[in-house]
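**Student:** Following this message is one structure expressed as structure tokens.
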Amino acid sequence: ALERMLAMRGYMRAKTVDGVIDETIAKRVGLTAAQIEDMYHVMAIANYEDRFVIPTAHRELDEDAYDLRGACGFSFGNGCSGGVSQANLFGMPPRKTPKTPMEVA
């Protein structure tokens, strides 16, 4: 995978900087020029909504900006949650924490 990413970088550099489309770079890693172009669009060019982070909170209207700072981080559309949610970013069931001997007794 790393070789393909390096080939993509070399191919796109040759195309944009040198103005030469070198398909031997793509063939060396078993790809076509079209596949490298697709990889570039997926991996290198962010969508417009992913390029800029526009805060949703109107901090200029808040009277106590110190209190607002750090009050709300990543949420799942439920506003400022307390950090406990049913959502899991990693797709695996949450691990159960092992009980200590004091908790078992």
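Residue numbers for the sequence shown follow this note's numbering, beginning at 240 and rising by one.
Using N, Cα and C, we set each Cβ at its ideal position, and we do this for glycine too.
1) Would Ile264 and Ala246 be called neighbours here (beta carbons separated by less than 7 angstroms)?
2) Tell me the rounded alpha-carbon separation between Arg252 and Val259.
3) Less than 6 angstroms between C-beta atoms, sequence neighbours within five positions excluded: which residues of the same chain meet that for Lys254?
4) Below 7 angstroms between beta carbons: does that hold for Val281 and Glu242?
5) Reducing DSSP to helix, strand and coil, say where Asp306 ends up.
6) Just confirm the distance between the C-beta atoms of Ala272 and Glu262, as a whole number of angstroms; I'd bet it's less than 8 angstroms.
7) Please classify Ile275 as buried or exposed, where buried requires at least 16 other C-beta atoms within 10 Å of its C-beta.
**Tutor:** With the structure as the only source:
1) One-based indexing of the sequence shown puts residue 264 at position 25. One-based indexing of the sequence shown puts residue 246 at position 7. Their beta carbons are under 7 angstroms apart, which means Ile264 touches Ala246 by this criterion.
2) Here residue 252 refers to the residue found at position 13 of the sequence shown. Here residue 259 refers to the residue found at position 20 of the sequence shown. Computed Cα separation, rounded: 9 angstroms.
3) Locating residue 254 in the sequence shown gives position 15, where the first residue counts as 1. Excluding positions up to five away in sequence, the list reads Ile260.
4) Within the sequence shown, residue 281 is the residue found at index 42, counting from 1. Within the sequence shown, residue 242 is the residue found at index 3, counting from 1. No, the Cβ-Cβ distance between Val281 and Glu242 is not below 7 angstroms.
5) Residue mapping note: residue 306 aligns to position 67 of the sequence shown, counting from 1. Note: Asp306 maps to helix in three-state DSSP.
6) Walking along the sequence shown from the start, residue 272 turns up at place 33. Walking along the sequence shown from the start, residue 262 turns up at place 23. Confirmed, Cβ separation roughly 5 angstroms.
7) If you number the sequence shown from 1, residue 275 lands on position 36. Buried is the call here.
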